[in-house]
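Taking the UniProt record's numbering, the leading residue of the sequence shown gets 2, the next gets one more, and so forth.
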Amino acid sequence: ATNRTFTMIKPDAVGNGHIGAILNDIIQGGFKIIAMKYTSLSDEIAGQFYTVHKERPFYGELVSFMSSGPIVAAILEKENAVEDFRKLIGATDPSKAEAGTIRNKYAKSIDANAIHGSDSDENAEIEGSFFFSAFERF
Ligand code: CMP
Numbered sequence: 002a003t004n005r006t007f008t009m010i011k012p013d014a015v016g017n018g019h020i021g022a023i024l025n026d027i028i029q030g031g032f033k034i035i036a037m038k039y040t041s042l043s044d045e046i047a048g049q050f051y052t053v054h055k056e057r058p059f060y061g062e063l064v065s066f067m068s069s070g071p072i073v074a075a076i077l078e079k080e081n082a083v084e085d086f087r088k089l090i091g092a093t094d095p096s097k098a099e100a101g102t103i104r105n106k107y108a109k110s111i112d113a114n115a116i117h118g119s120d121s122d123e124n125a126e127i128e129g130s131f132f133f134s135a136f137e138r139f
């Protein structure tokens, strides 16, 4: 079925000038942009967004990295969106990401891994709603 996922182009990819190339890969990959914004996260907001990882050893670094510079947040629509988007971006660790995937092309490390993609339909809805109101979805 046609459904939605949520993504963020992370501070490393924004800082390295990859916003345009990544959006192009996303659109060429068949995803339609339903909502999008260029913004930045405070430590507090990044901490809230990643609450699911609160107990993980990398939480502190993740939060400070995600609040280190601007990001692009977006809701995307496609048939089988969550799974197909995770294929497009590649493995969390870019050294394990398949050739041609966004993380393979633009990511440097497991922390600075260029892009986020929701891991389930449920989280896609939670994450999308964290950033966007009903009036910001088209
Ligand atoms: P993302 O899927 O956006 O959300 C959690 C992030 O934590 C993940 O991307 C990685 O950038 C980061 N991270 C750092 N270390 C790890 C790890 N060992 N396992 C999973 N994610 C990690």
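The beta carbon of each residue, even a glycine, is placed where N, CA and C say it ideally should be.
Any non-hydrogen atom of the ligand CMP within 7 Å of residue i CB
| i | result |
| --- | --- |
| H54 | yes |
| N124 | no |
| F86 | no |
| I27 | no |
For residue i, the three-state DSSP class (helix, strand or coil)
| i | result |
| --- | --- |
| G31 | coil |
| H54 | helix |
| R5 | strand |
| K88 | helix |
| K97 | helix |
| A113 | coil |
Closest residue to residue i among the options (Cα-Cα distance)
| i | options | result |
| --- | --- | --- |
| I90 | Y39, G118, K79 | G118 |
| F7 | F139, S134, D120 | D120 |
| I111 | D44, K97, G61 | K97 |
| A108 | F133, M9, D13, F86 | D13 |
| F66 | E45, D85, E99 | E45 |
| I10 | A2, T3, L24 | L24 |
Beta-carbon gap between residue i and residue j smaller than 8 Å
| i | j | result |
| --- | --- | --- |
| R104 | A113 | no |
| I72 | R5 | no |
| I35 | E78 | yes |
| G70 | G21 | no |
| A74 | T40 | yes |
| T3 | E126 | no |
Extent of the continuous alpha helix (DSSP H) run through residue i
| i | result |
| --- | --- |
| L77 | It is not in any alpha helix (DSSP H) - L77 instead sits in the beta strand (DSSP E) that spans 72 to 80. |
| G118 | Looking at the DSSP string, G118 is not in any alpha helix (DSSP H); the run it does join, the beta strand (DSSP E), is 116 to 118. |
| R104 | 103 to 107 |
| A125 | 122 to 132 |
| G61 | 60 to 67 |
| A14 | 12 to 16 |
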